[in-house]
Amino acid sequence: MSAAASYTLLIVESPVIARIIQRVAPSSVYVLSTNGYAWKPVYDAERNQLKAKADPDQLGFRKELKQQASWAGNIIIATDPDPSGDFIAWSICKFLKNPSIKRSHIQHLGRKGIERLISSAEVIQTDLLELRLKNRSLIRHQWNKTGRRPSMEIAALSSTFSSYFAYQHFADQKGQIWYSNRSIQCASDEWIQVQNSMSDSEYHSANPLSTFDLLQLAYEKDIFRSFANAQETLQQLFTHTLDYSEESLISYPRTSANSYFSETWASLQQQFFQLNHTGEFKPMFIRNIAGQEVSHESLYPISLTNTPDKVGGELLSTLRDLYDLIYHQTLRAITVPTEKHMAYQTAFHQDVQFYSTTNKSEISNTELLPIRTISEIGSLLSSHRVLSPSSFGEKLDRWISQKYLEMDGAFLKPGKYLAPYVNDGPQYADQIEQLFNLIDEQNLKAETIASILS
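Residue numbers (the working numbering): 1241 to 1694.
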């Protein structure tokens, strides 16, 4: 085997992540950072053409990229599976003109994570990537041509408060959050009277953490001054490596998943028994297992033996608080629950059970108002494909400051500039869903998009 054939060029976005990976990667791997966009996207809507315009400030990167690529037998691009990550991957492929370039995704910055990244890489289908990028650009261009509707993000945000999406979270008169075992369709201003169902109470399992769930918990614990600050700190925790082992602490921090890969469950189970934890590890039939189509599984500590007490001494206070939150929520997600929750019912939804998140005492009856939690808003927008977990914190802050959203305790409601769009929310949601179902459509026409928007 030639030296070139054994040499892997691994391309990531962040210089910090590049340095960490280089320390733990095999000597045959060279890590190069794009430091953002080395090319800027230029979209011509009239010709439906996408071009990559070279950033003059990134000339040094492009020179090194070309040189390193000429020596490498294996080129892997590890960018996020979102539009910006797709564009970076596509622009590098166009520049290098190499049909065998592969792509993979970072799971965590430990040795096993890098080994998985390299072993799971697959050849990029450049034509399909370009098609998706062009279609996404055409859809957004056509959407923005009509001045009567808000931006696609604001339209999608308004739809999350409309009747298009069923409700699964509720608030009582004291502002305490409740949830139901099934989503129900109801008006956003409809009070639902519930009473003790007299049925057996039930155990409720915690789910593995998405980025959205973590931001919700961080807000409830009042750890950070803003959502963007929480997300920045999460990224800092991800790139922190322990002094004594150079191992990272947590898995990839930008994820919409509420599940782990099978091998992660196996690893967590082995570590769980080493802890001598008093609880019982979840059996197979109640585990949330991620399929191979999931790019990033849920957040979790890489090693459960790295307890918050053990590593807290080398972490700043906010990093320590955040790690403590992730660690203990992960323990809850992998342990068989021991606390029963009292079930409540309503006359109009006989097959639905309602539960109080506080579960402090039995209540004979109460009234509930449907709400949207921070986590739920993020999850719905992500499923809409108009928002990625990486930008959620910053956008939440912006929408709140611009009065599109208001905080009401630990949940969100439409602000005065979003409220006028909520009635049209179902229409917006339906249009966005139809449009993004066309992402892989060959020869997508502006007329097709216009007919959906009309």
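Beta carbons: idealized from backbone N, C-alpha and C, even for Gly. For clarity, every value in this text was computed on a predicted model and none was experimentally measured.
C-beta atoms of residue i and residue j nearer than 8 Å
i	j	result
I1251	I1317	yes
P1654	E1430	no
K1522	T1575	yes
S1615	D1453	yes
E1393	L1627	yes
L1489	N1421	no
T1495	S1538	yes
V1264	E1486	yes
T1451	P1629	yes
L1684	L1397	no
S1491	Q1511	no
Y1270	Q1308	yes
I1354	Y1277	no
Q1312	T1386	A small fix is needed here, since residue 1312 is Ala in this sequence, not Gln. Their beta carbons are not under 8 Å apart, which means A1312 does not touch T1386 by this criterion.
L1562	I1463	yes
Neighbour-count burial assignment, residue i, 16 or more Cβ in a 10 Å radius
i	result
D1648	exposed
L1405	For the sequence presented, residue 1405 should be read as Phe rather than Leu. That one is buried.
M1241	Confidence in M1241 is poor, its pLDDT being 42 and thus under 50, which makes the residue's placement unreliable; the coordinate value appears in the next sentence. Flag for M1241 reads exposed.
S1691	exposed
G1553	exposed
Q1347	buried
E1286	exposed
K1635	buried
Q1382	buried
P1266	exposed
D1320	buried
Q1192	This structure gives no information on residue 1192, because the portion of the chain shown stretches from 1241 to 1694.
A1258	buried
F1478	buried
T1518	exposed
P1493	buried
F1525	exposed
S1331	buried
L1474	buried
Own chain, CB closer than 6 Å to residue i, minus 5 neighbours either side, in chain order
i	result
A1361	I1316, K1342 and S1344
A1446	R1572 and A1573
W1639	L1645
T1598	Q1416
D1564	P1548
L1349	I1260 and S1488
Q1569	L1449
R1351	V1264
Y1540	S1491 and T1570
L1305	none
W1505	R1527
S1619	F1452
S1622	S1496
Beta-bridge pairing of residue i - partner residues as DSSP gives them
i	result
N1700	Here the chain covers residues 1241 to 1694 and nothing more, so residue 1700 does not appear.
L1290	Y1283
Q1262	Note: Q1262 sits in no beta bridge, so no partner.
L1652	R1612 and M1647
E1687	Per DSSP, none; premise fails for E1687.
I1332	Partner(s): none; I1332 has no beta bridge.
Q1413	Per DSSP, none; premise fails for Q1413.
R1389	None, per the DSSP bridge assignment.
V1662	BP columns for V1662 are empty, so no partner.
H1589	T1586
S1700	No answer is possible for residue 1700: the residues shown for the chain start at 1241 and end at 1694.
E1607	Q1433
Contact set for residue i: own chain, Cβ-Cβ below 8 Å, skip 5 residues either direction
i	result
Q1695	Outside the modelled stretch of the chain, which goes from 1241 to 1694, sits residue 1695, for which no answer is possible.
Q1476	L1559
L1678	N1375, I1379, L1684, T1688 and I1689
Y1500	P1448, L1508, R1527, N1528, I1529, A1530, E1537, S1538 and Y1540
R1302	A1278, A1294 and F1335
Other residues of its chain near residue i: CB distance less than 7 Å, five sequence neighbours each side excluded
i	result
M1326	Reading off the sequence shown, one finds Asp at residue 1326, where the question assumed Met. Contacts found: L1369, R1372 and L1373.
V1774	For the chain, the structure presents residues 1241 to 1694; residue 1774 sits outside this window and is missing.
C1333	I1341, I1364 and T1366
G1633	L1455, F1467, A1468, A1470 and Q1471
H1444	P1577, H1581 and Y1595
S1403	Q1425, A1427 and P1666
S1377	Y1283 and L1290
S1502	I1529
D1483	E1554
K1280	K1293 and D1295
H1589	I1424
Q1674	I1692
N1498	N1447, P1448, S1450, N1528 and S1538
Near the ligand NAP: residue i beta-carbon under 7 Å from a heavy atom
i	result
F1327	Absence of the ligand NAP from the depicted structure is noted, as is the absence of any ligand whatsoever, leaving it without description.
* To do: At 4 residues or longer, and completely inside the region 1506 to 1576: list those alpha helix (DSSP H) runs for me, N to C.
  => 1548 to 1551 and 1557 to 1574
- Task: May I have a chain-ordered list of the beta strand (DSSP E) segments no shorter than 3 residues that lie completely inside the region 1418 to 1478?
- Result: 1432 to 1436
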